[in-house]
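Residue numbers (my numbering), protein chains in the order written: chain Y, 1 to 223; chain S, 1001 to 1223. Glycine residues also receive a C-beta, built at the ideal position from the N, C-alpha and C atoms.
Protein chains: 2
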Amino acid sequence: MTPDLNLRISPRTVRQETVEKLRLAIFSGVFQPGSRLVESQLCEQLGVSRPSLREALRSLEAERLIEIIPNRGPSVPSLSWEEATAIYDVRELLEVEAAGRCATLIPPEELKRLEKSLHAFEQAADSEDSLARVMTAAEFYSIILGNCGNPILEEVHRGLVARISFFRGRSMSQGGRAQSSLQEMRDIYDAIAAGDEKAARKAAKKHLHKAKTAAKQSMETAD
Amino acid sequence: MTPDLNLRISPRTVRQETVEKLRLAIFSGVFQPGSRLVESQLCEQLGVSRPSLREALRSLEAERLIEIIPNRGPSVPSLSWEEATAIYDVRELLEVEAAGRCATLIPPEELKRLEKSLHAFEQAADSEDSLARVMTAAEFYSIILGNCGNPILEEVHRGLVARISFFRGRSMSQGGRAQSSLQEMRDIYDAIAAGDEKAARKAAKKHLHKAKTAAKQSMETAD
DNA sequence: ATTGGAAGATGGTCTGACAATCTGGTTGAC
DNA sequence: GTCAACCAGATTGTCAGACCATCTTCCAAT
């Protein structure tokens, strides 16, 4: 068995970079939800031609990161609370399963990485950098999903999390949320480290429920 | 509250039709897995320009229905058994949840539709039309997923099912598979009709396990 | 005030072109 | 005869420019 023959260099095309730049812009909130994205403006800002930009927009549309209405063009969708709830529910389904599988499957070196990422989140939780909180928390999940033995689970999860990144940023900024989140993540880590599948599922479920509640509150107190 | 103002006509663009035509072509096996899709040829066959075609290809790429390697172009990915297994496992997670929710949520008229689609599958199972079997079975699931109260669950499920359509066609052609599938689907229907959430989950789980096993066998007996 | 239409903005689509890269076969050296 | 280097064709990546269809907005006429 050849070990991960990923040596194939993949030339970075203009379109790929465009997709990544736009994706990052959406995550970081440069484009507010509901705002329209005008092709000619984006072309100028990104320095790419219209065909390249449009291909990039199609990719993002298929990822559901933007909406494209015929003859009106692309815009950043503003998630309703109903949709966000639906996403959180599916996330719960996936994360609980992943945490459970991870508890029996994760190799020692990956467990080490998980511990490190937990510490990184701990530091971020103490700081005021809400972007760092979201990033380190995402890293923590990413390791769990990456070690659940099912790449599809990971892929689907990534897609869903991307769509609620806007909510995560806000709920993580809530007073006290980061600290309680940290405790919940510690519980997940402890369960996985102990190889206790059932406890891992339970901890993951609890964490998701709390995250959902926090998101809802941040929603209601907004503007 | 205005009731579902979906009157907004959506003009069918060239690109949308191109996406649908290509998707259908992949489902029905016109493009064999592993085969390359040459842009210039597709343009001629579909009667669209290269920009339009390329946008359509980007959409399909994001849906994971095709793979695009830089400087080598698009091709239909040939699913390994490992990947197919991973997809079946996630499908199970989603379908079990959907069947369970559906049991308590489905309104009477939708239950009627579900019954009808079960009968349609029954007829298809007796015939030799394997495409009809796959289509009617898909309809059955579609109704369940559409009434689970979570549109995201439905959306993710649709995406996954699309990727294993190739396998479904083959396993449905296996001797006896359609009949045993019919019985399993009856069990799911009965549980939902009775409003028995637990039984619905159990039946859905059993069905998926059997479908997975059948897919594996059809895989092993192939060329 | 409402309706109707005209003008500008924007997206949808096409044509054509050129450069970068890949592929396969041919040639040449050993 | 085998292997390596190389060259030509095929294919994709990217761009520029254009045109028509549609939407939006604003102004004028009733």
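Any Cβ of chain S closer than 7 Å to the Cβ of leucine 22 of chain Y would place that residue at the interface, and such an atom is absent. By a beta-carbon distance limit of 8 Å, isoleucine 1087 of chain S contacts leucine 1160 of chain S. Their separation comes to about 5 Å. The three-state reading of DSSP puts isoleucine 164 of chain Y in coil, since its state is none of H, G, I, E or B. Judged by their CB atoms, alanine 204 of chain Y and alanine 99 of chain Y are nearer to each other than the 7 Å cut-off. For the segment 35 to 57 of chain Y, residues whose beta-carbon sits nearer than 7 Å to a beta-carbon of chain S comprise Pro51, Arg54 and Glu55.
By the rule that beta-carbons nearer than 7 Å mark a contact, serine 59 of chain Y touches chain S.
For serine 1180 of chain S, the enclosing alpha helix (DSSP H) stretches over residues 1177 to 1193. Against chain Y, the beta carbon of threonine 1013 of chain S has neighbours under 9 Å at Pro70 and Asn71, listed in chain order.
Per DSSP, reduced to three states, the secondary structure at glutamate 67 of chain Y is strand. 7 Å or more divides the Cβ of alanine 1103 of chain S from the Cβ of alanine 1211 of chain S. Contact annotation: in the segment 74 to 91 of chain Y, residues whose CB is within less than 8 Å of a CB in chain S are Glu83, Ala86, Ile87, Asp89 and Val90.
Where serine 75 of chain Y is concerned, the enclosing beta strand (DSSP E) starts and stops at 73 to 75.
A straight-line Cα-Cα distance of about 11 Å links glutamate 92 of chain Y and leucine 1094 of chain S. DSSP places arginine 36 of chain Y within a strand segment (E or B) once states are collapsed to three. Against chain S, the CB of valine 156 of chain Y has a partner CB under 7 Å away; the residue lies at that interface. Arginine 12 of chain Y sits in coil when the DSSP states are folded into three classes, being neither helix nor strand. When CB distances to chain S are screened at a threshold of 8 Å, the residues of the segment 97 to 122 of chain Y falling below it are Glu97, in chain order. Against chain Y, the beta carbon of glutamate 1063 of chain S has neighbours under 9 Å at Ala62, listed in chain order.
Scanning chain S for C-beta atoms nearer than 8 Å to the C-beta of isoleucine 152 of chain Y yields Glu1083, Ala1086, Ile1087, Asp1089, Val1090 and Leu1160, reported in chain order. The residue from Y:Leu53, Y:Leu24, Y:Glu155 and Y:Ser35 with its alpha-carbon nearest to that of valine 14 of chain Y is Y:Leu53.
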